[in-house]
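Residue numbers (this note's numbering), protein chains in the order written: chain A, 6 to 278; chain B, 1239 to 1495.
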């Protein structure tokens, strides 16, 4: 899936804005530009649907379906089912990834033992695990959570590992000469120093969990956004598919913004260029 | 008894199948309260010498003692100041200065008071709650000096602490360091590649030579403290600087081996 990013590479907002003095500055605020762009996109969509592109529902039709699905509770129920899966899978994957990443970064032995497995599984898309997960784990919630968790785990473990091996050795020496032992160095230097990498790993992991969700819900789910879209596909119910897609996009964006806000709060000490 | 004593200290690094002698049989003693500067061309092993005293580098031969006790590893009895400041970027100035005290298990109130005092000593009181990223290079190094002082070390080991600063800031930092040192007297081993700095700061200047790294000459600096701009511009200073300069830049060719 996605390669681990440098912390800060994913950072947007103030840091990015401050960092881009080159190029002509726009006099229109970014938020206004975003709104105009969104409105134009919806306009193009309406025009295409109006021009009679085969089967394409217009924005109004989709909004109507969204309203219906919202009113009868289906949408909320599906979204909650999907969110629960993503959160549980993501929490399990991350909870396992952080300690494993630390072990791999800190102890050469652990790295030697674990790295081939992590690197090997990283090359397999989590979706390719689905058939295996069904055979081994059945068709309940477990295989879905395992597949989602695996995606989150693999993204986060590599990033944490990179963070730990990248800790500036001068900082470790500085702690050592101030009397810190290995345990203190780990807790007070290695953990905070690698936290930007861990948070980037979590963001990538959350993206990966969300991306795996729909496919995981193809495994005999009874509810969930992926299931709803799959079900709608059988009946050529395009508006419902659109509602599902938009909901997934909006929820994914919201979750990423939340983690980004956490990242800013927790790693604002970084001296970004 | 000397505060710091190097006895026959040598360091050999493996280089492929071969070895490189970074340091060969260095004998050097620093008296209590002395400020000794070490100057020499790159590759003379001056930073290795400091690393060995800090306990961060293990000598291949010989030994270092501080107050008669052998150095076996890093410890808070020897404060180290690094060229790259090495501040913890996630901690404020206060957090950095308190780090060593926290590690030592000092209580909160005592820690606070102690940090306050040393932050004041280096003139950073107004920046006690600032993060390192908001500080200039000179301020960062002052914070590092306060951090080292707060841990109450018996000796201070400084590895080209002002090497990354511009010339003007450097001069100011040198004066400030001497000021701090005169108020809180410690034994200092100060590594530099700047001849003026070595003469201005030290009681004695140790000139080292490269290939293999060794002590070339030890020059006494009999200029009285406090040293000021007057000192810098005096003919005595010039004469000493010239002497050290010649010792550094006109070294006899290295003995091979």
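Note that beta-carbon positions come from the ideal geometry of N, C-alpha and C, so glycine has one too.
Small disclaimer: the values here were computed from a predicted structure and weren't measured.
- Return yes when the Cβ of residue 1437 (chain B) is within less than 8 Å of the Cβ of residue 1456 (chain B), no when it is not. Contact flag unset, no.
- Item | Proximity below 8 Å, CB of residue 1439 (chain B) to CB of residue 1412 (chain B) | yes
- Message: Among the candidates A:270, A:234, A:95, A:35, whose CA atom is the shortest distance from the CA of residue 250 (chain A)?
- Response: A:234
- Query: Do residue 169 (chain A) and residue 195 (chain A) come within 8 Å of each other at the CB atom, strictly closer than that value?
  - Reply: yes
- Query: Among A:262, A:184, A:77, which has the Cα closest to the Cα of residue 1342 (chain B)?
  - Reply: A:184
- Query: To the nearest whole angstrom, what separates the beta carbons of residue 86 (chain A) and residue 228 (chain A), a pair I think is in contact under 8 Å?
  - Reply: 4 Å
- Message: Can you tell me whether residue 1447 (chain B) is helix, strand or coil according to DSSP?
- Response: strand
- Task: Answer with buried or exposed for residue 1379 (chain B), where buried requires no fewer than 16 other C-beta atoms within 10 angstroms of its C-beta.
- Result: Around the beta-carbon of residue 1379 (chain B), 16 or more other beta-carbon atoms lie within 10 Å, marking it buried.
- Message: For the beta strand (DSSP E) containing residue 1264 (chain B), name the first residue and the last one.
- Response: Secondary structure note for residue 1264 (chain B): its beta strand (DSSP E) is the uninterrupted segment 1256–1268.
- Item | Contacts that residue 1241 (chain B) makes with chain E (C-beta to C-beta distance below 7 Å) | Protein chains in the displayed structure are A and B, and chain E is not among them.
- Message: Just checking residue 50 (chain A) against the ligand HEM - is the residue's beta carbon closer than 7 Å to any of the ligand's heavy atoms?
- Response: Annotation note on the ligand HEM: not contained in the displayed structure, which lists no ligands.
- Task: Please list, in chain order, all residues of the same chain as residue 154 (chain A) whose beta carbon is under 6 Å from its beta carbon, the five residues on each side excluded.
- Result: 94, 97, 98
- Task: Kindly list the residues whose CB is nearer than 6 Å to the CB of residue 1249 (chain B), restricted to its own chain and excluding five residues on each side of it in sequence; keep chain order.
- Result: 1260, 1261, 1286, 1297, 1298
- Message: For residue 215 (chain A) and residue 171 (chain A), which I take to be in contact (beta-carbon distance under 8 Å), what is that distance rounded to the nearest angstrom?
- Response: Wrong, their Cβ atoms sit about 27 Å apart, outside the cutoff.
- With 16 other CB atoms within 10 Å as the buried threshold, where does residue 1477 (chain B) fall? exposed
- Message: I'd like the span of the alpha helix (DSSP H) that includes residue 58 (chain A), first residue to last.
- Response: Per DSSP, residue 58 (chain A) belongs to no alpha helix (DSSP H) and is neither H nor E.
- Item | Short CB-CB distance (under 8 Å) between residue 15 (chain A) and chain B | The pLDDT assigned to residue 15 (chain A) is 40, lower than 50, so where the model puts this residue is not dependable; a value taken from the coordinates is nonetheless given after this. It does not; no Cβ of chain B falls within 8 Å.
- Checking contacts by CB at 8 Å: is residue 1244 (chain B) closer than that to chain A? no
- The alpha helix (DSSP H) with residue 224 (chain A) in it runs from where to where? Segment: none, residue 224 (chain A) is in no alpha helix (DSSP H) and carries neither H nor E.
- Query: So residue 1274 (chain B) is in the alpha helix (DSSP H); what residue range does that whole segment cover?
  - Reply: Run containing residue 1274 (chain B): none in the alpha helix (DSSP H); it sits in the beta strand (DSSP E), 1273–1277.
- What separation, rounded to the nearest whole angstrom, lies between the Cα atoms of residue 230 (chain A) and residue 207 (chain A)? Each residue's alpha carbon lies about 22 Å from the other.
- Query: So is residue 262 (chain A) buried or exposed if we call it buried at 16+ other beta carbons inside 10 Å?
  - Reply: exposed
- Query: Leaving out the 5 sequence neighbours to the left and right, which residues in its chain are closer than 8 Å to residue 1463 (chain B) when beta-carbon positions are compared?
  - Reply: 1416, 1420
- Message: Please report the distance separating the alpha-carbon of residue 1324 (chain B) from that of residue 1316 (chain B).
- Response: 16 Å
- Item | Cα-Cα separation, residue 1467 (chain B) to residue 1414 (chain B) | 13 Å
- Query: In three-state DSSP terms, what is residue 1284 (chain B)?
  - Reply: helix
- If we count the other Cβ atoms within 10 Å of its Cβ and call it buried at 16 or more, is residue 239 (chain A) buried or exposed? exposed
- Which one or two residues does DSSP pair with residue 175 (chain A) in a beta bridge? Partner(s): none; residue 175 (chain A) has no beta bridge.
- What does residue 175 (chain A) reach in chain B if we use C-beta pairs closer than 8 Å? Contact of residue 175 (chain A) with chain B by beta-carbon distance below 8 Å involves 1320, 1322, 1324.
- Query: Excluding five sequence neighbours on each side, which residues of the same chain lie with their C-beta closer than 8 Å to the C-beta of residue 1410 (chain B)?
  - Reply: 1376
- Going by DSSP, what residues sit across from residue 1307 (chain B) in a beta bridge? DSSP lists B:1304 as partners of residue 1307 (chain B).
- Query: Is residue 1486 (chain B) helix, strand or coil by DSSP?
  - Reply: helix
- Item | Three-state class that DSSP yields for residue 1356 (chain B) in the structure shown | helix
- CB residue 1393 (chain B) to CB residue 1304 (chain B), shorter than 8 Å? Yes, these two residues count as a Cβ contact at 8 Å.
- Query: Using a C-beta cutoff of 8 Å, does residue 187 (chain A) count as contacting chain B?
  - Reply: no
- Message: Assuming the contact rule is C-beta atoms closer than 8 Å, residue 1246 (chain B) and residue 1293 (chain B) should be a hit. Round their C-beta distance to whole Å, please.
- Response: 18 Å between Cβ atoms; not a contact.
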